[in-house]
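Here's the structure we're looking at; comments come further down.
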Amino acid sequence: MKKFLKFSLVFALVLTAIGAHASDVDFSLNVKKGKGKTVSFALNQVKKIDLSIYDANDKLIHTESVNSKGNINRTYDLEALPNGTYFLEAETTMKIARYTITVVDETASLSTEVLTEVFKPVFVNKDGKVGLNILNLDKSPVGIKIFDADANEVYSTTLLDTQNVSKFFDITTFPSENYTFEMSYDNKVFFKTIAVK
1 MKKFLKFSLV FALVLTAIGA HASDVDFSLN VKKGKGKTVS FALNQVKKID LSIYDANDKL
61 IHTESVNSKG NINRTYDLEA LPNGTYFLEA ETTMKIARYT ITVVDETASL STEVLTEVFK
121 PVFVNKDGKV GLNILNLDKS PVGIKIFDAD ANEVYSTTLL DTQNVSKFFD ITTFPSENYT
181 FEMSYDNKVF FKTIAVK
């Protein structure tokens, strides 16, 4: 019982620290003035980011991973794209943000406002005692499933109208050595495999 209370205290401290420093590890996108069918932007406060461009049907058009020691500057030439709406998706270890790109005739523009922002789940595992935290800003339904090593579902729940999801799991009592957590919310699905020990 003392170990569980100690773990709960450590988990609570970790979650508090994550929440307090979320703005420090977050990134911001600054749109620059582009010419013609180009969009230019700078990403501040980021060391590693995955950038992707999707069309209106969510078909991937371009993707790249970028590493930096400070700010990241990018310019994309969209000359080959027909008129329409596209999306720039920026993904870090903490979140996925989506911005709108509009292509009309000979011009392209990137929205300065984030269209959607999804924070990724945060896990703490201490010898099979697992803490899970999800910041769900839009309060969309959150599905949580756990699968054993043979892909058998051992746990499933759906939480409604919850902005901050905090769950604790003791997987040491389960017979398998590894478990895969599946979290689905805000049209995204995240997976995390955790070893019991």
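Quick note: the sequence shown uses this note's numbering, first residue 1, plus one each step. Every residue, glycine too, gets a C-beta built ideally from N, C-alpha and C. Just so you know, these numbers come straight off a predicted model, no measurement behind them.
Within a Cβ cutoff of 6 Å, which residues of the same chain sit near residue i, ignoring the five residues on either side of it in sequence?
i: residue 7; result: Any reading at residue 7 must be qualified, since the residue scores a pLDDT of 49, below 50, and its modelled position is unreliable; the value itself is stated next. If we look at residue 7 and ignore the five residues flanking it on each side, its Cβ neighbours are 126, 129.
i: residue 75; result: 38, 40
i: residue 168; result: 131
i: residue 157; result: 144
i: residue 160; result: 141
i: residue 109; result: 102
i: residue 183; result: 121, 144, 190
i: residue 65; result: 50
i: residue 176; result: 148, 149
Report back the beta-carbon spacing between residue i and residue j to the nearest angstrom; my notes put them in contact at under 8 Å.
i: residue 146; j: residue 179; result: 5 Å
i: residue 32; j: residue 42; result: 7 Å
i: residue 90; j: residue 144; result: Not quite, the Cβ-Cβ distance comes to about 26 Å (not below 8 Å), so this is no contact.
i: residue 120; j: residue 190; result: 6 Å
i: residue 72; j: residue 61; result: About 19 Å; that fails the 8 Å criterion.
How far does the beta strand (DSSP E) with residue i in it reach, from first residue to last?
i: residue 226; result: With the chain running from 1 to 197 in the structure shown, residue 226 is simply not present.
i: residue 90; result: 84-91
i: residue 79; result: Residue 79 -> no beta strand (DSSP E), and no H or E assigned at all.
i: residue 159; result: 153-159
i: residue 143; result: 142-147
i: residue 188; result: 188-195
i: residue 43; result: 38-44
Considering only residues of the same chain and omitting the five flanking positions on each side of residue i, which have a CB-CB separation below 8 Å?
i: residue 174; result: 148, 154, 196
i: residue 114; result: 29, 97, 98, 99
i: residue 162; result: 136, 139, 142
i: residue 24; result: Residue placement at residue 24 is poorly supported in this model, since its pLDDT is 38, which falls under 50; the coordinates still yield a value, given next. Contacts found: 45.
i: residue 105; result: 83
i: residue 67; result: 47, 48
i: residue 77; result: 37, 38
i: residue 111; result: 31, 99, 100, 101, 102
i: residue 164; result: 133, 134, 135, 136
i: residue 59; result: none
i: residue 193; result: 178, 179, 180, 181
Looking at residue j and residue i, is the spacing between their C-beta atoms short of 9 Å?
i: residue 107; j: residue 88; result: no
i: residue 118; j: residue 188; result: yes
i: residue 81; j: residue 63; result: no
i: residue 102; j: residue 85; result: yes
Tell me whether residue i, by its Cβ, gets closer than 8 Å to a heavy atom of the ligand FMN.
i: residue 141; result: By its list of ligands, the structure shown contains no ligand whatsoever, and the ligand FMN lies outside what it can speak to.
Looking at the strands, I want to know which residues DSSP matches up with residue i.
i: residue 109; result: 102
i: residue 55; result: Looking at the DSSP assignment, residue 55 forms no beta bridge with any residue, so it has no partner.
i: residue 126; result: 129
i: residue 50; result: 65, 91
i: residue 118; result: 96
i: residue 32; result: 40
i: residue 137; result: In the DSSP output, where bridge partners are listed per residue, residue 137 has none listed.
By Cβ distance, which residues of its chain are closer than 7 Å to residue i, with the 5 residues on each side in sequence left out?
i: residue 19; result: Low confidence applies here, because residue 19 scores a pLDDT of 49, under 50, leaving its location unreliable; read the following figure in that light. So no residue of the chain qualifies.
i: residue 79; result: 37
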